[in-house]
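Shown next, in structure tokens, is the structure this report addresses.
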Amino acid sequence: MIADLLAGWISPLRLRALGIMGMNRRNISYISRYNPRHRYPFVDNKLKTKVVAQKARLRVPDLLHVVETQHEIESIEARIKDLAEFVIKPAQGSGGKGILVIVGRDGDQYVKSSGTRLSLTDIKRHVTNILSGLHSLGGRPDIVLIEGLVKVSPYFSSISYEGVPDIRIIVFKGYPVMGMLRLATHASDGKANLHQGAVGVGIDIATGRSVAAVKHNQLVTHHPDTGESLQDLMVPDWKTMLLLASRCYEVTGLGYLGCDIVVDASKGPLLLELNARPGLSIQIANNRGLLPRLRHVESLEDHYLTFEDRVDYVVQHFRHYEPDGAGETVTEHAPATGVSA
Ligand SMILES: Nc1ncnc2c1ncn2[C@@H]1O[C@H](COP(=O)(O)OP(=O)(O)O)[C@@H](O)[C@H]1O
Ligand SMILES: [Mg+2]
Numbered sequence: 095m096i097a098d099l100l101a102g103w104i105s106p107l108r109l110r111a112l113g114i115m116g117m118n119r120r121n122i123s124y125i126s127r128y129n130p131r132h133r134y135p136f137v138d139n140k141l142k143t144k145v146v147a148q149k150a151r152l153r154v155p156d157l158l159h160v161v162e163t164q165h166e167i168e169s170i171e172a173r174i175k176d177l178a179e180f181v182i183k184p185a186q187g188s189g190g191k192g193i194l195v196i197v198g199r200d201g202d203q204y205v206k207s208s209g210t211r212l213s214l215t216d217i218k219r220h221v222t223n224i225l226s227g228l229h230s231l232g233g234r235p236d237i238v239l240i241e242g243l244v245k246v247s248p249y250f251s252s253i254s255y256e257g258v259p260d261i262r263i264i265v266f267k268g269y270p271v272m273g274m275l276r277l278a279t280h281a282s283d284g285k286a287n288l289h290q291g292a293v294g295v296g297i298d299i300a301t302g303r304s305v306a307a308v309k310h311n312q313l314v315t316h317h318p319d320t321g322e323s324l325q326d327l328m329v330p331d332w333k334t335m336l337l338l339a340s341r342c343y344e345v346t347g348l349g350y351l352g353c354d355i356v357v358d359a360s361k362g363p364l365l366l367e368l369n370a371r372p373g374l375s376i377q378i379a380n381n382r383g384l385l386p387r388l389r390h391v392e393s394l395e396d397h398y399l400t401f402e403d404r405v406d407y408v409v410q411h412f413r414h415y416e417p418d419g420a421g422e423t424v425t426e427h428a429p430a431t432g433v434s435a
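The numbering of the sequence shown is the numbering used here, which starts it at 95 and goes up by one.
Set out below in structure tokens:
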């Protein structure tokens, strides 16, 4: 079945029967119906997301500096001279575009996670490009965030290569409905974005255990760089992540949301960013479509559950593995290609 789907010859009718959601359905039935436009700025701008998250006492990576204008370029050197590790990113970027992960210094050079060295001039050019809108949505002028480097937790060190992994959780009306662990690869250059070549590992909502893994929409069983098996992974602190994701509903007022979490080696789970148009490849990595779960949540009466209650609900209802841990899957739906990442 999986091979058929990956071969790409399955009909749209069959995809629908399997509960796989495509881009049109996502945009029309979920994003435009459940995401009020005036709430978008809170998630489309990473600086605003940080402010809103901190007000709600959600933990986020440290913000070290903000660069807003070209006039400030000359002050970059002074701002980063004492920093051994940091991340430069566009406030309005997405898909890992324009993100520079600096993991160390070598004299006056800045070392990327791949080992590549950059000069101060390279860094300044990068900042100028971000400001001019090279990496932002619709090419709009942007601002630059300089964040503290999140350190890979020991649990993930053998399965994420040259970069911190992140955990994407789709939250619908406050219910976490599907999850995916994204692992950096050499190709993804310090970033755990699927479009950059990261590996996506579907994660069972009920248990935090891995389901299947994909790279560029193809199933894989091992990490391409480390060779580690991606089967039988268990994400630590999974319940904490579900609670954090569920809270993002009240914090943003967005009904259909992609919530990205990173785990810092010493600080634990942190909210990295939020997305009002989360991608659809998560369905392939989870071996099932989103639609049955979305419809399930839509069919619930609104009884104003707390975020804790919503998490308890999904843990009971959106289960991939049998509770006895026999490893047998309750396969509701199979994966498909032809969906956007
Ligand atoms: N502060 C950070 N420390 C370490 N890695 C980071 C940091 N910020 C981002 N990254 C890496 O870059 C990826 C993309 O970052 P993110 O902020 O989600 O931007 P985008 O909107 O482009 O996806 C993350 O999944 C992570 O691997
Ligand atoms: Mg992201």
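A virtual CB, placed ideally from N, CA and C, is assigned to each residue, including glycine. Predicted, not measured: the structure shown is a model, and the values here were computed from it.
### Task
Measure the beta-carbon distance from H310 to G189 and round it to whole angstroms, keeping in mind my assumption that it falls under 8 Å.
That belief does not hold up - the Cβ atoms of H310 and G189 are roughly 14 Å apart, past 8 Å.
### Task
Check G268 in the structure and name its three-state DSSP category.
Coil, per DSSP.
#### Entry: Assigned exposure category for T279 - 16 Cβ within 10 Å defines buried
By the neighbour-count rule (16 or more Cβ atoms within 10 Å), T279 is buried.
### Task
Have a look at T320, A292, D406, L385 and flag the residue whose alpha-carbon is nearest the alpha-carbon of D334.
Inspection of the sequence shows that residue 334 is occupied by Thr rather than by Asp. Distances from the CA of T334 to each of T320, A292, D406, L385 were compared; the closest alpha carbon is that of D406.
### Distance between E241 and K183 (C-alpha atoms, nearest Å)
Separation of K183 and E241 (C-alpha to C-alpha, rounded to the nearest whole angstrom) is 8 Å.
### Query
Heavy atom of ligand 2 less than 8 Å from the Cβ of L366, yes or no?
The nearest non-hydrogen atom of ligand 2 is less than 8 Å from the C-beta of L366.
### Query
Are there 16 or more other CB atoms within 10 angstroms of the CB of T400, so buried, or fewer, so exposed?
Answer is exposed; the Cβ neighbour count stays below 16.
### Task
Using 8 Å as the cut-off, classify the Cβ of K361 as near or not near the heavy atoms of ligand 1, replying yes or no.
The nearest non-hydrogen atom of ligand 1 is 8 Å or more from the C-beta of K361.
### Query
Alpha carbon to alpha carbon, what distance is there between R131 and T163?
If you take the alpha carbons of T163 and R131, they lie about 27 Å apart.
### Task
Count the other CB atoms, across all protein chains shown, that sit within 10 Å of the CB of R276; report buried if there are 16 or more and exposed otherwise.
So R276 counts as buried.
### Task
For S367, collect the residues of the same chain with a Cβ closer than 8 Å to its Cβ; drop the 5 residues on either side in sequence, then sort them by chain order.
The sequence given here places Glu at residue 367; Ser does not occur at that position. In its chain, beyond the 5 residues on either side, V137, K140, T143, D354 have a beta carbon closer than 8 Å to the beta carbon of E367.
### Query
Quick one: what does DSSP say F180 is sitting in, helix, strand or coil?
Under the three-state reduction of DSSP output, F180 falls in the strand class.
### Query
Quick one: is K149 buried, meaning 16 or more other Cβ sit within 10 Å of its Cβ, or exposed?
Under a 10 Å Cβ-count criterion, K149 is classified as exposed, with fewer than 16 other Cβ atoms of the shown protein chains found around its own Cβ.
### Message
My output table needs one value for N380: the three-state DSSP class, helix, strand or coil.
### Response
Note: N380 maps to coil in three-state DSSP.
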